[in-house]
Ligand code: NAP
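Residue numbers (the numbering used here): 436 to 719.
In structure tokens form, the structure reads like this:
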């Protein structure tokens, strides 16, 4: 069997999508042609026309097109409706259906480390697209409380309003300062860095991580970042004996869940994710 897939976004040069999908499909015995298309906001329609006529069975969407694609879809899955963003499009008989696998991907990555959203207090540092997908997924999955700490308080409030509208949970917005970090850490079951702070290509990092000292002994600390594999935030938490989860599991899970959608098959996501993760580690 052969399958043709693609990813679109801009910038797209350093995407790991071809690596993830080719390896996952290889593991399933399926050969995959995976195209990488640099597509800017103005060229989405052009790509959509191409996708409908080129034998592509699905494509992944990354920054900054996750919302722009919506107007070209024939159908939208509740996973994408919930967060107002699409990262996966299945193409069937010229029709496009959009999904979002980011939240579910993250959920699986923490579940395999022993964390379940239900009845938990979750603190997000950051209020961008990634925080949005995961926070609504967490709220839907039964989170008891969500706090969004963000540099721009306005954006934190917007995300909290969105969570309330989509899920009914009243989330708490707070500014990104020492006092709020210290206070929120005290009751968090899971604290997530959803900012680029600590990413290898970014010069900025957390100036002071001592707020992590306030976390409960059984709390989890997570970073959406996967490069570096272990950010300073995760190292600090690990040294305190806290459980940590980086962003690699989220990245790979969102991809293999998308493969299940393209192939219209129930796949063993864990086995596929483990396979791709091992291949990735060999590269490092
Ligand atoms: P985004 O939409 O651009 O949002 C970035 C967020 O980080 C905003 O809340 C922004 O605050 C905050 N921020 C940026 N620079 C900051 C700084 N110097 N100090 C404090 N806050 C800062 O980005 P995103 O798509 O949500 O991505 C967020 C992170 O998740 C990135 O590191 C990205 O690589 C990672 N990510 C990982 C995966 C995965 O699969 N593992 C998937 C998606 C994203 P303001 O609102 O104040 O600007």
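Virtual Cβ for every residue (Gly too), placed ideally from N, Cα, C.
Local Cβ density within 10 Å of residue i, reported as buried at 16 or more and exposed below that
i: residue 484; result: exposed
i: residue 538; result: buried
i: residue 449; result: exposed
i: residue 718; result: exposed
i: residue 634; result: buried
i: residue 480; result: exposed
i: residue 444; result: buried
i: residue 703; result: exposed
i: residue 652; result: exposed
Of the residues the options, the one placed nearest residue i, counting alpha carbons only
i: residue 531; options: 487, 610, 540; result: 487
i: residue 625; options: 570, 641, 613, 645; result: 570
i: residue 498; options: 637, 681, 550, 452; result: 452
i: residue 436; options: 468, 447, 454, 455; result: 468
i: residue 660; options: 679, 644, 645; result: 679
i: residue 525; options: 512, 544, 518; result: 512
i: residue 573; options: 588, 595, 482; result: 595
Contact set for residue i: own chain, Cβ-Cβ below 6 Å, skip 5 residues either direction
i: residue 470; result: 441
i: residue 510; result: 532
i: residue 591; result: 562, 583, 585, 608
i: residue 491; result: 439, 441, 526
i: residue 698; result: none
Start and end residues, alpha helix (DSSP H) containing residue i
i: residue 571; result: 564 to 575
i: residue 585; result: Not the alpha helix (DSSP H): residue 585 falls in the beta strand (DSSP E), residues 580 to 585.
i: residue 444; result: Not the alpha helix (DSSP H): residue 444 falls in the beta strand (DSSP E), residues 437 to 444.
i: residue 462; result: 452 to 462
Own chain residues within Cβ distance below 7 Å of residue i, not counting five before or after
i: residue 540; result: 685, 688, 689, 692
i: residue 458; result: 710, 711, 714
Extent of the continuous beta strand (DSSP E) to which residue i belongs
i: residue 559; result: 556 to 560
i: residue 416; result: With the chain covering only 436 through 719, there is no way to say anything about residue 416.
i: residue 598; result: Careful: residue 598 lies outside any beta strand (DSSP E), inside the alpha helix (DSSP H) at 588 to 602.
i: residue 658; result: 655 to 658
i: residue 507; result: Counting along the chain, residue 507 falls outside any beta strand (DSSP E), and DSSP gives it neither H nor E.
Beta-carbon proximity list for residue i, same chain, < 8 Å, skipping 5 on both sides
i: residue 447; result: 471, 472, 473, 474, 497
i: residue 647; result: 620, 626, 656, 668, 671, 672, 675, 677
**Message:** Does the contact criterion of 3 or more C-beta pairs under 8 Å hold for the segment 601 to 610 versus the segment 650 to 669?
**Reply:** no
**Asked** Any chance the segment 549 to 561 sits against the segment 570 to 590, with 3 or more Cβ pairs inside 8 Å?
**Response** yes
**Request:** Can you list the residues near the ligand SAH, meaning Cβ strictly closer than 7 Å to any non-hydrogen atom, in the order they appear in the chain?
**Result:** Although the ligand SAH was asked about, the structure shown includes only the ligand NAP as ligands.
**Prompt:** Would you call the segment 650 to 661 and the segment 617 to 631 touching, i.e. three or more CB-CB distances under 8 Å?
**Reply:** yes
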